[in-house]
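Shown next, in C-alpha cells, is the structure this report addresses.
Numbering (the numbering used here), first residue to last: 70 to 317.
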C-alpha cells in the first residue's frame with residue numbers, strides 16, 4: 070500500500086513543490102486533482118504530458134492518480150489519453166445507476182487508449198457491489214474502483230469490511246479525508262479498523278490523504294513544512310511520522 074498526498078491539501082503548489090512536500094513527509098505518491106496549480110490537465114498535448122513524466126524524479130514520489138472534476142470529464146477521450154500518457158488511472162465519482170451504460174462506453178475508450186478509469190464510491194457496500202458488476206463487464210483493465218473514505222460517515226468501522234468484500238480485487242485507490250495533521254482528532258472513528266482490514270485484505274493500491282474540510286488548510290500547510298504560510302519563503306518543518314489514527 071502506497072501513501073499519497075492529494076493536492077486538495079495544497080492546491081496552490083506547483084508539481085515540483087508537491088514532490089518536495091512528499092519527500093519531507095515520506096509519502097510515495099501524489100493524487101493530482103484537476104484544476105490545481107500543478108498544471109496537469111487532459112487538455113495538455115501529448116508532448117506536454119511526456120514532459121511531466123520526465124520531470125518526476127526516478128527515485129522519488131510518483132503520480133498515483135489524476136482526479137477529474139466530474140464523471141463527464143473523466144469519460145472523455147482526452148481523459149483516456151491522459152491516463153495512457155502518464156500511465157496513471159483517472160478517478161471520478163460514480164454517477165447514478167442509469168449511467169452504467171455510459172461507463173461501459175467509456176471503458177471502451179480507455180481500453181483503446183491503453184488507460185484506466187476508476188469510479189469512486191463512498192462507504193456503501195451496495196453501491197460498491199453494483200459498480201463491481203460494471204467493472205467485470207468492461208474490457209479487462211479498463212475500469213476499476215476507488216473508495217472515498219470520510220470518517221464522518223456513520224458506521225465506518227462496521228461497514229468497511231463489507232465495502233472491501235463488495236469491491237473485491239477491483240479496488241485500486243482509496244482517498245481518506247483526514248489523517249496527517251488531523252489524525253489525533255479522528256481517533257475512535259473507524260480509521261484504525263479500516264487500515265487493519267486493508268492490510269489483511271492484501272490491498273496493494275494507493276491510500277491518498279486529503280483534508281477533511283478547508284478549515285484545516287493551515288494545519289496541512291504546517292504539516293507539509295510550510296509553517297510560514299502559503300506564500301513563498303515559508304520555513305520548512307522537519308519530518309515526523311505520518312499518522313493515520315491506526316490505534317483507534
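Here a beta-carbon is modelled for each residue, glycine too, at the ideal position from N, C-alpha and C.
- Here the alpha carbons of residue 229 and residue 280 stand approximately 20 Å from one another.
- Taking C-beta atoms under 8 Å as the contact rule, residue 278 and residue 75 qualify, at a distance of about 6 Å.
- Here residue 231 is near residue 194, since their CB atoms are less than 8 Å apart.
- Residue 109 and residue 132 have their C-alpha atoms some 11 Å from each other.
- In the DSSP assignment, residue 268 falls within the unbroken alpha helix (DSSP H) covering 260–269.
- Beta-bridge pairing by DSSP links residue 162 to 189.
- Taking all protein chains shown into account, residue 249 has 16 or more neighbouring C-beta atoms within 10 Å of its C-beta and is therefore buried.
- Annotated three-state conformation of residue 72 is strand, per DSSP.
- Nearest to residue 79 by alpha-carbon distance, out of 72, 90, 71, is 90.
- In terms of CA proximity to residue 114, 152 leads the group 127, 138, 152.
- Listed in chain order, the alpha helix (DSSP H) runs fully inside the segment 72–118 are 84–94, counting runs of at least 4 residues.
- Every unbroken stretch of the alpha helix (DSSP H) spanning 4 or more residues and falling wholly within the segment 127–178 is given here in chain order: 140–143, 146–155.
- According to DSSP, residue pairing for residue 275 in a beta bridge involves 71, 242.
- Here residue 217 is buried. Its C-beta has 16 or more other C-beta atoms within 10 Å.
- Distance from residue 150 to residue 176 at the Cβ level is roughly 15 Å; contact not present, criterion being Cβ atoms closer than 8 Å.
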